[in-house]
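K.L.:
2 protein chains.
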Amino acid sequence: MTEDRRPTLTTVAQRAQVSRQTVSNVLNTPEIVRPETRERVLRVIAELDYRPNVAARQLRTRRSSVLGLCVPPAADGISGQVLDRFLHALTEEAQRGGLRIMLFTAPDDEAEIREYENLRATTGVDGFVLANTHPRDPRTAWLAAHGVPFVSFGRPWDRGASSHPWVDIDGREGTRAATRHLLDAGHRRIAFLGWPEGSGVGDDRLAGFLAALDAAGLGPGGVVERCEDGVPEGEAAARRALVRDDVTALVCVSDSVALGAMTAVREADLADPARIVAISGFDDTPVAAAVGLTSVAQPVEDVAARAVALVRAQIHGDPVDTDRQVLIEPRLVVRATSPARH
Amino acid sequence: MTEDRRPTLTTVAQRAQVSRQTVSNVLNTPEIVRPETRERVLRVIAELDYRPNVAARQLRTRRSSVLGLCVPPAADGISGQVLDRFLHALTEEAQRGGLRIMLFTAPDDEAEIREYENLRATTGVDGFVLANTHPRDPRTAWLAAHGVPFVSFGRPWDRGASSHPWVDIDGREGTRAATRHLLDAGHRRIAFLGWPEGSGVGDDRLAGFLAALDAAGLGPGGVVERCEDGVPEGEAAARRALVRDDVTALVCVSDSVALGAMTAVREADLADPARIVAISGFDDTPVAAAVGLTSVAQPVEDVAARAVALVRAQIHGDPVDTDRQVLIEPRLVVRATSPARH
DNA sequence: GTCGACGACTTGAACGATCTAATCCAGGAC
DNA sequence: GTCCTGGATTAGATCGTTCAAGTCGTCGAC
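Going down the list, the protein sequences come from chains U and A. When we follow full-length UniProt numbering, the leftmost residue of the first sequence carries the number 1, and every step to the right adds one. When we follow full-length UniProt numbering, the leftmost residue of the second sequence carries the number 1, and every step to the right adds one.
1) Let me check you understand the geometry: is the CB of A/I279 closer than 7 Å to at least one non-hydrogen atom of the ligand MG?
2) For U/R170, which residues in the same chain have their Cβ closer than 6 Å to its Cβ, ignoring the five residues on either side in sequence?
3) To the nearest angstrom, how far is the alpha carbon of U/I78 from that of A/V243?
4) Against chain U, with Cβ distances strictly below 8 Å, would residue 349 of chain A count as a contact?
5) Compute the distance between the beta-carbons of U/A264 and U/E235, then report whether it is under 8 Å.
6) Using 8 Å as the limit for Cβ to Cβ distance, is A/P52 near chain U?
7) If you count every other CB in all the chains shown that lies within 10 Å of the CB of U/M1, and 16 or more means buried, which is it?
8) Compute the beta-carbon to beta-carbon distance between U/S64 and U/D126, rounded to the nearest angstrom, for a pair I have assumed lies under 8 Å.
9) Going by CA-CA distance only, name the one from U/A94, U/L69, U/D214 that's closest to A/L87.
10) On a Cα-Cα basis, can you pick out the residue from A/M262, A/A191, A/I32 that is closest to A/A232?
11) Is it the case that the Cβ atoms of U/P84 and A/D84 are separated by a distance below 8 Å?
12) What's the C-alpha gap between A/R34 and A/V41?
13) Can you have a look at U/N28 and say buried or exposed, based on whether 16 or more other CB atoms are within 10 angstroms of its CB?
14) Are the beta-carbon atoms of A/V251 and A/T175 separated by less than 8 Å?
15) Can you find at least 3 beta carbon pairs, one from the region 48-58 of chain U and one from the region 110-124 of chain A, that sit closer than 8 Å?
16) Can you give the Cα-Cα distance for U/A145 and U/H316, rounded to whole angstroms?
17) Please identify the residue among U/G186, U/H134, U/V308 whose C-alpha is closest to the C-alpha of U/R159.
18) Spatial neighbours of U/V257 within its chain, please: CB distance less than 6 Å, with the 5 preceding and 5 following residues excluded, ordered by chain position.
19) Less than 8 Å between the C-beta atoms of U/A289 and U/A185, yes or no?
20) Would you say A/R100 lies against chain U (beta-carbon separation less than 8 Å)?
21) Give the straight-line distance between the Cα atoms of A/G208 and A/A89, rounded to the nearest whole angstrom.
22) Taking all protein chains shown into account, decide if U/G221 is buried (16 or more other Cβ within 10 angstroms of its Cβ) or exposed.
23) Could you name the residues of the region 270-303 of chain A whose beta carbon sits closer than 7 Å to any beta carbon of chain U, in the order they occur along the chain?
24) What residues in the region 215-245 of chain A bring their beta carbon closer than 8 Å to a beta carbon of chain U?
25) Give the interface partners of U/G124 over in chain A, defined as CB-CB distance under 9 Å, in chain order.
26) Anything in chain A within Cβ reach of U/T105, meaning under 9 Å, just list it in chain order.
27) What residues in its chain sit with their C-beta under 6 Å from that of U/C227, if we drop five residues either side in the sequence?
28) Are there 16 or more other CB atoms within 10 angstroms of the CB of U/R172, so buried, or fewer, so exposed?
29) Are A/D284 and A/A297 close, meaning C-beta to C-beta below 8 Å?
30) List the residues of chain U that A/V71 touches, going by C-beta distances under 8 Å, in chain order.
31) Establish whether the CB of A/D84 and some CB of chain U are separated by less than 8 Å.
32) Span of the alpha helix (DSSP H) holding U/W166?
33) Would you identify the three-state DSSP class for A/Q325, choosing helix, strand or coil?
34) What is the rounded straight-line gap between the Cα of U/P196 and the Cα of U/A249?
35) Need the endpoints of the beta strand (DSSP E) that A/I279 sits in, please.
36) Which of helix, strand or coil does DSSP assign to A/S152?
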């Protein structure tokens with residue numbers, strides 16, 4: 001029977017001897033309220049443990065402070081972990097800024113676009129974060145055309161694509177750093193284990209490898225073996241690369257590939273104890289840390305922070321003080337698989 | 001300048017020559033509307049592409065159709081992938097039932113409880129899904145005490161804990177199936193690589209192993225080696241177990257441990273080509289599929305479905321037709337690491 | 001002394017839905 | 001004919017907030 005509801009603006013107003021609006025002002029535009037009354041109202045708010053009802057606020061202001069995020073239909077292997085970490089960082093960052101993340105799913109791009117419409121119309125979602133852009137992506141174009149605030153983790157890979165706000169990690173710089181690190185460790189003949197040509201991310205990472213070799217005067221070109229992402233695929237590719245006796249280091253496009261390479265290298269090392277092949281991976285997944293794999297860490301926290309800032313700016317219509325396209329430098333984490341040569 | 005807003009109930013009502021309430025009825029209680037008018041209203045709704053505003057609905061009904069989910073602060077290794085898949089399944093299942101998942105984070109249990117309060121008071125979240133229960137968890141007690149609808153993925157491990165709704169996977173049955181499978185394959189001396197005593201999940205999985213041995217007349221007891229979760233830890237534990245020459249199979253408490261064990265086994269196999277040691281893992285992570293590791297798959301889709309049903313029942317105050325505690329059978333996925341002996 | 005400007009606060013309306021109670025009308029029962 | 005019943009529909013109030021347009025003094029300028 002104690003059906004007592006939460007206090008409302010009116011409850012607070014009565015108790016503090018002011019009007020609803022003044023209480024509202026204390027919360028939204030405190031500077032226009034006389035300090036004395038402000039204090040009094042704040043005291044009552046604390047006393048009653050008043051919290052504004054966001055549904056009512058949203059109804060009036062047409063702002064939900066909610067961002068939509070589509071979770072991909074199938075966890076795509078080990079690299080899903082990066083997305084996992086990003087999800088957490090994004091939630092944290094959004095929360096810090098008074099935003100919430102709402103999840104949804106869609107089987108394909110068209111369905112996802114329909115969900116955008118739906119979420120805008122019903123829930124009043126303020127904006128979206130895309131976490132898995134791919135070449136020829138119709139979603140970014142739709143969002144841009146409809147004036148929906150959004151940002152993508154991942155740059156558009158089509159040339160001449162519309163320039164929407166995005167944040168991405170500089171994969172090229174990552175492999176360049178990894179390659180440079182191996183060069184500094186004394187390696188001269190380094191192979192790259194990459195993905196088949198055509199994936200934006202993969203090509204970008206390969207470019208960094210080639211650039212580093214070139215800068216060291218070991219280019220142009222280099223030993224490149226390609227395979228699909230995966231542990232056994234990586235193992236096979238590594239075997240192909242290690243056929244060349246002079247190869248002493250492998251720069252891998254992902255931790256999965258690197259993991260497979262480690263198996264192949266272990267065998268090669270057993271066969272020829274004098275030959276110690278160094279390896280670097282990419283993504284710095286927990287597995288990499290566990291097995292002591294040198295890897296390129298993606299600072300997803302930074303990505304999340306910039307992403308939130310970019311959508312927020314669009315939502316509030318703020319002038320963008322920074323670039324709408326942000327490329328973030330990854331960080332090389334050196335571990336046991338890439339010791340210095342003596 | 002084309003600031004035309006979305007159609008509302010009133011827009012539809014005018015166009016269909018009925019009252020607001022009738023339109024509302026068509027959507028919420030169609031059976032009380034005369035079929036003729038219902039048709040007419042539905043036609044107009046389709047024409048105008050009307051969608052109800054959930055903020056307004058929530059304000060009036062005090063129902064948000066939103067579930068809160070706390071994403072854990074740190075991705076805890078490889079097992080985070082199960083949670084990742086669960087997250088997706090949950091989103092899909094919730095969406096299917098007209099519910100949405102809203103994310104939030106909290107550094108510790110107390111902060112999380114504060115967020116429960118906050119989300120209930122401000123956003124009007126209808127219920128919560130807990131995905132990482134642990135022994136002596138204050139959160140479930142708080143939620144139960146405050147009459148907040150919720151369900152946990154993971155049973156309460158404290159004895160005599162309050163019986164709240166939960167869904168979990170029967171780990172005991174999982175390792176039992178894995179052990180039986182190895183027994184059927186002809187193994188007689190099987191070791192278990194488990195976590196240190198005291199973790200509910202780990203003890204449960206060990207119990208299944210012992211039960212299977214017992215049932216086969218090979219008990220009581222068995223070879224058990226314990227280690228923290230992790231690839232190198234698993235490798236070390238496997239070495240300890242393989243010191244006994246008669247051990248021909250390893251049942252592992254997790255895929256991480258199994259992954260480490262695979263390395264140890266590969267060495268042992270090289271040393272003694274006649275000895276082929278079988279391995280099974282737990283969780284059926286993508287890595288397991290990649291390296292051909294026999295593993296116990298957690299049907300997270302089923303878990304998600306039951307979880308959503310359980311919260312939904314609480315929210316609507318429906319009588320619970322099924323048990324409020326659900327234990328789901330895992331599924332053994334046989335791969336290359338556990339061939340039949342000949 | 002009058003006027004306007006300004007600061008501090010208040011009042012009614014609006015956002016878009018649902019709840020409650022009322023209305024209208026047809027069809028029987030008596 | 002009157003009354004009741006029940007199905008279909010409607011009108012008004014309401015949820016809790018913010019917006020827009022006030023009111024009410026006080027202060028300074030002329």
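Built from N, CA and C at the ideal position, the CB exists for glycine as well.
P.N.:
Looking at the atomic coordinates:
1) The ligand MG is not part of this structure, which contains no ligands at all.
2) As a first step, residue 170 of chain U must be located in the first sequence, where it is residue number 170. With the sequence shown as reference, residue 170 of chain U is identified as Asp, and Arg is not the correct amino acid for it. For U/D170, where only same-chain residues beyond five positions count, the Cβ hits under 6 Å are L327, E329.
3) Taking the first sequence and counting its residues from 1, one reaches residue 78 of chain U at position 78. Taking the second sequence and counting its residues from 1, one reaches residue 243 of chain A at position 243. In this prediction, U/I78 scores a pLDDT of 43, lower than 50, which makes its location untrustworthy; the coordinate-derived value is nonetheless stated afterwards. Their Cα atoms are separated by approximately 32 Å.
4) Nothing can be reported for residue 349 of chain A: it is not among the residues displayed for chain A, which extend from 1 to 342.
5) In the first sequence, residue 264 of chain U corresponds to position 264, counting from 1. In the first sequence, residue 235 of chain U corresponds to position 235, counting from 1. Cβ atoms of U/A264 and U/E235: closer than 8 Å.
6) For the purposes of this step, residue 52 of chain A is taken as residue 52 along the second sequence, with counting starting at 1. For A/P52, the answer is yes, since a Cβ of chain U falls inside 8 Å of its Cβ.
7) On the first sequence, position 1 is the one that residue 1 of chain U refers to. Low confidence applies to U/M1: its pLDDT is 42, below 50, so where it sits in the model is not reliable, and the reading given next is rough at best. Its Cβ having fewer than 16 others within 10 Å, U/M1 is exposed.
8) Position 64 of the first sequence, counted from the start, is the residue given in the question as residue 64 of chain U. Position 126 of the first sequence, counted from the start, is the residue given in the question as residue 126 of chain U. Their Cβ separation, rounded to whole angstroms, is 5 Å, which keeps U/S64 and U/D126 in contact under 8 Å.
9) On the second sequence, position 87 is the one that residue 87 of chain A refers to. Considering only alpha carbons, the answer is U/L69.
10) As a first step, residue 232 of chain A is located in the second sequence; it is residue number 232 there, counting from the start. Correcting the residue type first, residue 232 of chain A is Pro in the shown sequence and not Ala. If we check each option's Cα against that of A/P232, A/M262 comes out closest.
11) By one-based count along the first sequence, residue 84 of chain U stands at place 84. By one-based count along the second sequence, residue 84 of chain A stands at place 84. Here residue 84 of chain U is Asp; the residue named in the question, Pro, does not match the sequence. Taking 8 Å as the cut-off, the Cβ atoms of U/D84 and A/D84 count as close.
12) Numbered from its first residue, the second sequence carries residue 34 of chain A at position 34. Numbered from its first residue, the second sequence carries residue 41 of chain A at position 41. Approximately 11 Å, taken between the alpha carbons.
13) To locate residue 28 of chain U, count along the first sequence from 1; it is residue 28. Flag for U/N28 reads exposed.
14) Locating residue 251 of chain A in the second sequence gives position 251, counting from the first residue. Locating residue 175 of chain A in the second sequence gives position 175, counting from the first residue. A/T175 sits close to A/V251, with the two beta carbons spaced by under 8 Å.
15) Three or more beta-carbon pairs separated by less than 8 Å link the region 48-58 of chain U to the region 110-124 of chain A, which places the two stretches in contact.
16) Walking along the first sequence from the start, residue 145 of chain U turns up at place 145. Walking along the first sequence from the start, residue 316 of chain U turns up at place 316. Whole-angstrom Cα-Cα distance: 18 Å.
17) Residue numbering aside, residue 159 of chain U sits at position 159 when the first sequence is read from its first letter. Closest option to U/R159, Cα to Cα, is U/H134.
18) Here residue 257 of chain U corresponds to residue number 257 of the first sequence, with the count starting at 1. For U/V257, same chain residues with a beta-carbon under 6 Å away, outside a window of 5 residues either side, are L193, G234 in chain order.
19) Taking the first sequence and counting its residues from 1, one reaches residue 289 of chain U at position 289. Taking the first sequence and counting its residues from 1, one reaches residue 185 of chain U at position 185. Not closer than 8 Å, so no.
20) Looking up residue 100 of chain A in the second sequence gives position 100. Interface residue (Cβ-Cβ distance to chain U less than 8 Å): A/R100 is classified as such.
21) As a first step, residue 208 of chain A is located in the second sequence; it is residue number 208 there, counting from the start. As a first step, residue 89 of chain A is located in the second sequence; it is residue number 89 there, counting from the start. So the alpha carbons of these two residues sit roughly 27 Å apart.
22) Start at 1 with the first residue of the first sequence, and residue 221 of chain U comes out as number 221. It counts as exposed.
23) Along the region 270-303 of chain A, going in chain order, the ones with a CB nearer than 7 Å to a CB of chain U are P286, V287, A290, V291.
24) Result list: G230, V231, P232.
25) Taking the first sequence and counting its residues from 1, the one referred to as residue 124 of chain U is at position 124. At a beta-carbon threshold of 9 Å, the residues of chain A lying near U/G124 are N53, V54, A55, ordered along the chain.
26) For the purposes of this step, residue 105 of chain U is identified with residue 105 of the first sequence, where counting begins at 1. What U/T105 touches in chain A: H88, T91, E92, Q95.
27) As a first step, residue 227 of chain U is located in the first sequence; it is residue number 227 there, counting from the start. The residues are E233, A237.
28) What you label residue 172 of chain U is simply residue 172 of the first sequence in a count that begins at 1. It counts as buried.
29) One-based indexing of the second sequence puts residue 284 of chain A at position 284. One-based indexing of the second sequence puts residue 297 of chain A at position 297. Result yes, Cβ atoms of A/D284 and A/A297 sit closer than 8 Å.
30) For this step, residue 71 of chain A is matched to residue 71 along the second sequence. Identification of chain U residues near A/V71 by a Cβ-Cβ cut-off of 8 Å yields L87, H88, T91, ordered along the chain.
31) As a first step, residue 84 of chain A is located in the second sequence; it is residue number 84 there, counting from the start. Interface flag for A/D84 against chain U is set, since a Cβ pair is found closer than 8 Å.
32) By 1-based counting over the first sequence, the position of residue 166 of chain U is 166. Going by DSSP, U/W166 is part of no alpha helix (DSSP H) but of the beta strand (DSSP E) stretching over 166-169.
33) For this step, residue 325 of chain A is matched to residue 325 along the second sequence. Taken through DSSP and simplified to helix, strand or coil, A/Q325 comes out as strand.
34) What you label residue 196 of chain U is simply residue 196 of the first sequence in a count that begins at 1. What you label residue 249 of chain U is simply residue 249 of the first sequence in a count that begins at 1. Approximately 20 Å, taken between the alpha carbons.
35) Locating residue 279 of chain A in the second sequence gives position 279, counting from the first residue. Taken as a continuous stretch (DSSP letters only), the beta strand (DSSP E) holding A/I279 covers 278-283.
36) Translated into positions along the second sequence, residue 152 of chain A becomes position 152. A/S152: strand per DSSP, three-state reduction.
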